[in-house]
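All remarks here apply to the structure that follows.
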Amino acid sequence: MTAAVELARFGAEVDIVERNRRLGGHAAEFACKALEACVKCGACLIAQTIETAVTHPRISAYTDSRIEAITRRHRFTYTIRKTSGASMCGDADAVVIATGFRTFDPSNKPYGYGRFPNMITNLDLERMLRANAKAIRPSDGVAPRRIAFIQCVGSRDAKLGHLWCSQFCCGAALRAARLIKHRQPESFITIFFIDIQTFGRDFESFYRQSQLEFRFIRAIPADAFQLEDSGIRLSFMDDSSPQSREEIFDLVVLSTGMLPPEGLAQTADDLGLALAPSGYAGTQAHRGVFAAGAVRGPMRIEETIADARHTACRVLAFLGIKGGIPETPVAERRPLASRLVAPGRG
Amino acid sequence: MADNRVCILGNNPCAWKIADALSETGAEVILATRGQSPHTQRVCRVTGSPAQEVLCGARLASCRGGIGHFDLTFSRNGGEVLRTVSTVVIAESDERRPNHAHYGLTPGAGVTPLSGLPDDGNLPPMTGSPLKHVAFLNGLVAESHPAIAGEIMRAALRFQSEHKVQCTILTRNLKVAGDGLEALSREARSAGVLFFKFTTSTPTIRQDSEGRVQLAFIDELTGREFSLAPDLVVLDETLAPSPYAVELGRIIGLESDPIGFVQGDNVHRLTALTNRRGVVVAGPSRGIGLDPAVEASNAVLEALGAAASTAGGASQAAEIEPGRCIRCLTCFRVCPYRAVLLNTRPTILPAACERCGICAAECPREAIRIPGQEREDLRALITSGRSPEPKTLPYIVAFCCRRSAGVAAKAALDTGKGWDAVVNVIEVPCAGSITPESILSAFSMGADGALVLTCHEDNCHSRQGNRLARTRVDQVSDFLIQCGYDATRLVFKTLAANMETELDTILSEFSATLRSTANR
Chain A
1 MTAAVELARF GAEVDIVERN RRLGGHAAEF ACKALEACVK CGACLIAQTI ETAVTHPRIS
61 AYTDSRIEAI TRRHRFTYTI RKTSGASMCG DADAVVIATG FRTFDPSNKP YGYGRFPNMI
121 TNLDLERMLR ANAKAIRPSD GVAPRRIAFI QCVGSRDAKL GHLWCSQFCC GAALRAARLI
181 KHRQPESFIT IFFIDIQTFG RDFESFYRQS QLEFRFIRAI PADAFQLEDS GIRLSFMDDS
241 SPQSREEIFD LVVLSTGMLP PEGLAQTADD LGLALAPSGY AGTQAHRGVF AAGAVRGPMR
301 IEETIADARH TACRVLAFLG IKGGIPETPV AERRPLASRL VAPGRG
Chain B
1001 MADNRVCILG NNPCAWKIAD ALSETGAEVI LATRGQSPHT QRVCRVTGSP AQEVLCGARL
1061 ASCRGGIGHF DLTFSRNGGE VLRTVSTVVI AESDERRPNH AHYGLTPGAG VTPLSGLPDD
1121 GNLPPMTGSP LKHVAFLNGL VAESHPAIAG EIMRAALRFQ SEHKVQCTIL TRNLKVAGDG
1181 LEALSREARS AGVLFFKFTT STPTIRQDSE GRVQLAFIDE LTGREFSLAP DLVVLDETLA
1241 PSPYAVELGR IIGLESDPIG FVQGDNVHRL TALTNRRGVV VAGPSRGIGL DPAVEASNAV
1301 LEALGAAAST AGGASQAAEI EPGRCIRCLT CFRVCPYRAV LLNTRPTILP AACERCGICA
1361 AECPREAIRI PGQEREDLRA LITSGRSPEP KTLPYIVAFC CRRSAGVAAK AALDTGKGWD
1421 AVVNVIEVPC AGSITPESIL SAFSMGADGA LVLTCHEDNC HSRQGNRLAR TRVDQVSDFL
1481 IQCGYDATRL VFKTLAANME TELDTILSEF SATLRSTANR
């Protein structure tokens, strides 16, 4: 979407084809994790980019849509099929694959995800915080007291062949944990981790503060058991003793990693784009086919924005648009103060 | 007007890429490097293009003006060089600081910082015994970074597999949040590189009089004791902005982040923006380990965007009325964007003004006007939202920052939910433009309650607009209490653009409070 906005700014006509009902991908579902101060995750920037994209005269956004057939002769021609059944044709000089990522499905891990109501993923937590502004136990809607985060679920996992760090989950988990602790001070939070990754410009102080607020255990639990009172017992081996330990939690959050998006191999094949060995789009471009954002490999929000702009630059060069002077953004041409009124119900 | 002339400060791949890409768009480019000679390959490339000038050995001494017309003074060879440009791009190199002090080690034969290893991947020359065992210390005291961890693992893998030297990496959190680093760590492990991870303990590091280092520790995983005497210890390094980059930030008047990079730690500066229009920052001046190609593209787009904002002409900029101005320079001090120029009297550079309204709100003489955002404009917005008499529901005026609460308000209104109140959401460019007077006028014009909703601390596009708004709300609350008015009718909250749920709660609760006080 950022790539689309930049391309349109420089005079290109853009079609955005989005499979979901709304634009913005995963990042648009993320919750703000600021306490008093912003934690600089970048999630709040998405709403404005969506607005720019949908209001831009040179961008047509098709949501609930898929590309049905794409062929190239001199240009690309394709059919956009809406979920409702309607279809339309389009043509373009370049194609940008910006389909983001898929999250790892932890159902096959021994954590009982999908069976234990209080075992949730990081994305479930984002949606929960977004909708309720606090953490709750899905089983009964009550605030959990003992909360565990398990990092690297489906990332850094040689057995699965996932030899990558998903890069965003340490930051997302610690920021979410601090928000929960701030809003629900009675909660006791444990982070199970392999290595805590650096995020943000104030990482040192953020991490130091986190170490005072939470318990960090360098271990990834092996098993989870559902208890009768809907608590979850985790068993893990940490360095403190040679035996495995067990502990009970009210809510467990699995930091599921990123995977290349569904259907990427097929799309790449259709367009003649070579993928990286990891299955992501990597850095390749091929005769007018480009990739932007997390489809290229795991990234944080700020990195996907930078990468999208970089791709926009490459596309402009390919199209022979020599930069030149872009137009002033639409947002700057709106009146300074404006109003919206909710009339109430009375 | 300096048309589209750009000065790029820096002498590294990122700066060169920006210079080339901007030249191709037809911009006139000046590459100002602090060192005497730029990279040799660079000289050929640059002189080949008539649109480029290379200023070697030029150190920025002062910067006056603003977007569209920066007057830059460089000191060079004991003299001064002046250049006028429309845009400035800062892409100065960062600096690597070896962490000897972290580990209590002194440089010597048995100790080298990471950047002391040969660039070609060969073993460093050793005096005396051949190199058999190398230990790398990574982030044992201060947290490491993927850029450094990556270099360490690459060096260890190469020494281990090509030169058959036993490598050991002693690390706290192993930073693998970078492209290909997890795969690299696996490869290094299978090649025989040993990793020891420390969570609760720290190895004991001793250096004898000849400079040789002894490492003693208990492996946390197995509980076994280890004592290592490597032939060479390679230390990690801390990446930080160079003192010159920091000085550039001071000369140009830029925000800095907690590490000292010349870009505020504020998501609204993403990716290459600074608090000054027309000043773009990229690569090693902005952060650690950023990809030069990606950074160059971002800087190029922002530099072209800066040219666009001067070409369009900003008609809604703040204006200072000469007759009212007493030259107290409040506007100069409070402007987050450095848009106030000091000539014989302060003037506002229209293209540099972001129209946040902070100067107008702070001016003690009310000498600053912003077209479209004046007292009458706000009053009209307040009255127009009021429902006709007789009133059955409380009337709430919600002053919202357009970038945060305003976006959330739109999403909340779209749900079609009501709050048993008439809510008039007034979007302002920045909460810092809301004066005590505008809050009071909400009450005097029939509001039962007023909300001031700003972005979170550190998320204000205008840096301190939210803090100023909070201070003013506090002042008005005190005033209301002194007048015997109910101060619960005025509420200040911080919100992000994606906090429509929280906004909904705030409105419901506020409406309930107002209804209950009305019934009392």
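First to last, the protein sequences are chains A and B. Each residue of the first sequence is one higher than the last, beginning at 1 in the working numbering. Each residue of the second sequence is one higher than the last, beginning at 1001 in the working numbering. Here a beta-carbon is modelled for each residue, glycine too, at the ideal position from N, C-alpha and C.
For A1142/B, a Cβ of chain A is located within less than 8 Å of the residue's own Cβ. Note: R1064/B is bridge-paired with D1071/B in the DSSP secondary-structure output. DSSP, read as helix, strand or coil, puts Y78/A in strand. Along the stretch 1105 to 1125 of chain B, none of the residues has a CB nearer than 9 Å to a CB of chain A.
In the structure shown, G231/A adopts coil according to DSSP, grouped into three states. Put simply, the CB of T103/A is far from chain B, with every gap to its CB atoms at 8 Å or more. In this chain, the beta strand (DSSP E) harbouring N1424/B covers 1422 to 1428. 8 Å or more divides the Cβ of H1100/B from the Cβ of A1142/B. As computed with DSSP, A61/A is found in a beta bridge with I16/A. Close to V153/A, with beta-carbon spacing below 8 Å, lies no residue of chain B; the smallest spacing is near 14 Å. At a cut-off of 8 Å between beta-carbon atoms, R1276/B makes no contact with chain A.
Cα atoms of T63/A and L23/A: separation of roughly 7 Å, rounded to the nearest angstrom. For L340/A, the residues of chain B that pass the 7 Å Cβ criterion are A1409, K1410, L1413, V1425, in the order they occur in the chain. Rounded to the nearest angstrom, the gap between the Cα atoms of L163/A and T1488/B is 55 Å. Annotation: Cβ neighbours of K1175/B in chain A (cutoff 8 Å, chain order): D195, Q197, T198.
Here H310/A is buried. Its C-beta has 16 or more other C-beta atoms within 10 Å.
Note that the C-beta distance between L35/A and A135/A is not below 8 Å. Within the same chain, and ignoring the five residues on either side of A1282/B in sequence, the residues whose Cβ sits closer than 6 Å to its Cβ are C1014, A1091, A1272, E1295, A1299. In this structure the stretch 1395 to 1410 of chain B lies against the stretch 1444 to 1458 of chain B, because at least three pairs of beta carbons, one per stretch, are closer than 8 Å.
Judged by beta-carbon spacing, L1270/B lies within the 8 Å limit of E302/A, meaning their Cβ atoms are closer than that value. In the structure shown, H1145/B falls within a coil segment according to DSSP collapsed to helix, strand and coil.
Beta-bridge pairing by DSSP links Q1207/B to V1213/B.
When 7 Å is used as the limit between beta carbons, I305/A is near these residues of chain B: L1270, T1271, in chain order. With fewer than three CB-CB distances shorter than 8 Å, the stretch 1249 to 1263 of chain B does not count as touching the stretch 1318 to 1334 of chain B. Residue-level contact check: H26/A does not touch chain B, since none of the beta carbons of chain B fall below 8 Å from its beta carbon.
Sequence-distant Cβ neighbours of S1438/B in its own chain, meaning closer than 6 Å and more than five residues away, are L1378. Residues of the stretch 1185 to 1214 of chain B whose Cβ lies closer than 8 Å to any Cβ of chain A, in chain order: R1186, K1197, T1199, T1200. According to DSSP, T1171/B shares a beta bridge with N1138/B, K1197/B.
In the three-state scheme derived from DSSP, where H, G and I count as helix and E and B as strand, S139/A is classed as coil.
Between R1076/B and G1057/B, the CB-CB gap stays under 8 Å. No Cβ of chain A is located within less than 8 Å of the beta carbon of V1281/B. At a cut-off of 8 Å between C-beta atoms, I1259/B counts as an interface residue with respect to chain A. Put simply, the CB of K40/A is near chain B, with a gap under 8 Å to one of its CB atoms. Contact of L1440/B with chain A by beta-carbon distance below 7 Å is absent, the smallest such distance being about 17 Å. Per DSSP, the continuous beta strand (DSSP E) segment holding A291/A begins and ends at 289 to 291.
In chain order, A98, G100, M299, T304, D307, A308 place their CB closer than 7 Å to the CB of G293/A, counting only its own chain and leaving out the 5 sequence neighbours on each side.
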